[in-house]
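Residue numbers (the working numbering), protein chains in the order written: chain A, 186 to 579; chain B, 128 to 225. Comments concern the structure below.
Okay, structure coming up:
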């Protein structure tokens, strides 16, 4: 019987939740990396026991952790405890927590600057890894979306990281941080075309490459953001998350700061599908595993009040690819609830009866084993949940 | 042998006790201690000093012999008591946040 493994990143550590295909009884392990912020964990689809985790701290910076046994044990790639830092040949060993932006070969100075809150230009400064996206074909290859916004890639299992700096040529000087920082938070890989990737940045927008990351194109036509000087600018939009169904990699669904958007042409143009939602501000958006027109969002009250509206925790589902939405409430608190669900804190399994998972800033992780019709908490009292990723295991 | 006291989260990261001992060849300075510490515990690289600038991370401080040495130049000689191992070199996380 199939199993599921849910990887939960929180403000104070990581937790791993496992269950059989019924998804009723759960084993909980953790906290892993206790006391550290775990922005994201994700497993390789090629080797499900290969997990990557972003561990960070305002005091001690960024650490990358890797597990090769499904989360039972972890290590920093390339730096086991007590190992010498130099190889016998005198070469420095891998430094898995080293994220260094590309510099100009002519001047040695950092490439470009970006727009700061006050409108002046500001140099890129690495802060943390927001999202890890393992390759669809090679467990040793993994992408990292970081703050300040950039895309890094490792091809040796997380030991060494190199920036795909061409992304910043896509008007990087006009990007600016949102309230939460200027993070690259979404990385979508096209299973039909390994040279195509989509990424999204707050607050710069969405971008696409067709050549494996060398060159990038802003794909924000159709987005309208009233809070920026030019509401239809080519870049500068606060995109919160993008999702796609693996069978239709040219169809994208976006939760923008405000607005739910849809593209049917790989992001070349977007149109709004917020429809009858009571509010269209939110962070996560996901697509059903077997129904490419069924999508899920968790709207919150507003940009100023980051919690669900009316004290009710409601997931909204559209079975029509947007516009027509229904509230899913069975098993979720419908009074006195004031939590948020962050952009990476929702995930979908691929069992026949598709499971939906999400975690809240109040520390609850909920599961629905019936595509959202009913919900139950797996755990109620974790630290604030930053990310949820589910793996469907044989 | 130089004694170095690590903050809690760096102990768990390096899988050590609170106090570790490292050999330092040559003058005993902040830089030479941290170089030796990172060579012995490479997983600590980047957690105490920035990977690129090699500057102390903003929310860490260095103490020894009841003195705050955080703002001393990285190549300044540390007190003899640290060099002799009589007193430890403390790496301390700022008391901040929640």
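Just so you know, even glycine gets a beta-carbon here, dropped at the ideal spot from N, CA and C.
For the segment 160-181 of chain B, the beta-carbon criterion of a distance under 9 Å to any beta-carbon of chain A is satisfied by 165, 166, 167, 168, 169, 170, 171, 172, 173, 174, 175, 177, 178 and 179. Beta-bridge analysis with DSSP links residue 306 (chain A) to A:300. If you draw a straight line from the Cα of residue 435 (chain A) to the Cα of residue 557 (chain A), it is about 25 Å long. Between residue 186 (chain B) and chain A, the shortest Cβ-Cβ separation is below 8 Å.
When the beta-carbon positions are compared, residue 391 (chain A) and residue 452 (chain A) come within less than 8 Å of each other.
For residue 244 (chain A), the closest Cβ of chain B is nearer than 8 Å.
Contacts between residue 248 (chain A) and chain B, judged by CB atoms closer than 9 Å, involve 140, 170, 173 and 174 in chain order. Residues of the segment 199-227 of chain A whose Cβ lies closer than 9 Å to any Cβ of chain B, in chain order: 218, 219, 220 and 221.
In the three-state reduction of the DSSP assignment, residue 562 (chain A) falls in the strand class. Residue-level contact check: residue 344 (chain A) does not touch chain B, since none of the beta carbons of chain B fall below 8 Å from its beta carbon. Interface annotation, residue 312 (chain A): not in contact with chain B, CB-CB separation never under 8 Å. For residue 343 (chain A), same chain residues with a beta-carbon under 7 Å away, outside a window of 5 residues either side, are 237, 249, 251, 262, 281 and 327 in chain order.
Taking C-beta atoms under 8 Å as the contact rule, residue 231 (chain A) and residue 550 (chain A) fail to qualify, at a distance of about 26 Å. Under the DSSP definition of a beta bridge, residue 347 (chain A) partners with A:338. For residue 570 (chain A), the uninterrupted beta strand (DSSP E) run begins and ends at 570-578, by DSSP. What residue 285 (chain A) touches in chain B, judged by beta-carbon distance under 7 Å, is 178 and 179, going in chain order. The C-beta of residue 355 (chain A) has 16 or more other C-beta atoms within 10 Å across all chains shown, which makes the residue buried. DSSP places residue 198 (chain B) outside any alpha helix (DSSP H), giving it a letter other than H or E. At a cut-off of 8 Å between beta-carbon atoms, residue 282 (chain A) makes contact with chain B.
Cβ-Cβ distances below 8 Å link residue 300 (chain A) to 306, 307, 358, 359, 360 and 361 in the same chain, with the five nearest sequence neighbours on each side left out; the list follows chain order.
A:447 is the residue among A:546, A:447 and A:496 whose C-alpha sits nearest the C-alpha of residue 507 (chain A). In the three-state reduction of the DSSP assignment, residue 167 (chain B) falls in the helix class.
Closest in alpha carbon position to residue 140 (chain B), among B:178, B:174 and B:210, is B:174.
Residue pairing by DSSP puts residue 149 (chain B) in a beta bridge opposite B:129. Residue 236 (chain A) is bridged by DSSP to A:228 and A:252. Shown here, residue 220 (chain A) sits in coil according to DSSP, grouped into three states, outside any helix or strand. The straight-line gap separating the alpha-carbon atoms of residue 257 (chain A) and residue 199 (chain A) is approximately 12 Å. Look at residue 523 (chain A) here: in three-state DSSP terms it is coil, with no helix or strand label. Your pair residue 134 (chain B) and residue 218 (chain B) checks out as a contact, with CB atoms roughly 6 Å apart and the cut at 8 Å. Counted as a single uninterrupted DSSP element, the beta strand (DSSP E) harbouring residue 318 (chain A) occupies residues 313-319. The beta carbon of residue 306 (chain A) sits no closer than 8 Å to any beta carbon of chain B. When Cβ pairs closer than 8 Å are counted between the two stretches, the segment 398-417 of chain A is seen not to touch the segment 362-369 of chain A, the count staying below three. The beta-carbon separation of residue 572 (chain A) and residue 202 (chain A), rounded to 13 Å, does not stay under the 8 Å limit for a contact.
Between residue 221 (chain B) and chain A, the shortest Cβ-Cβ separation is below 8 Å. About 15 Å separates the beta carbon of residue 540 (chain A) from that of residue 564 (chain A), a gap too long to meet the 8 Å contact definition.
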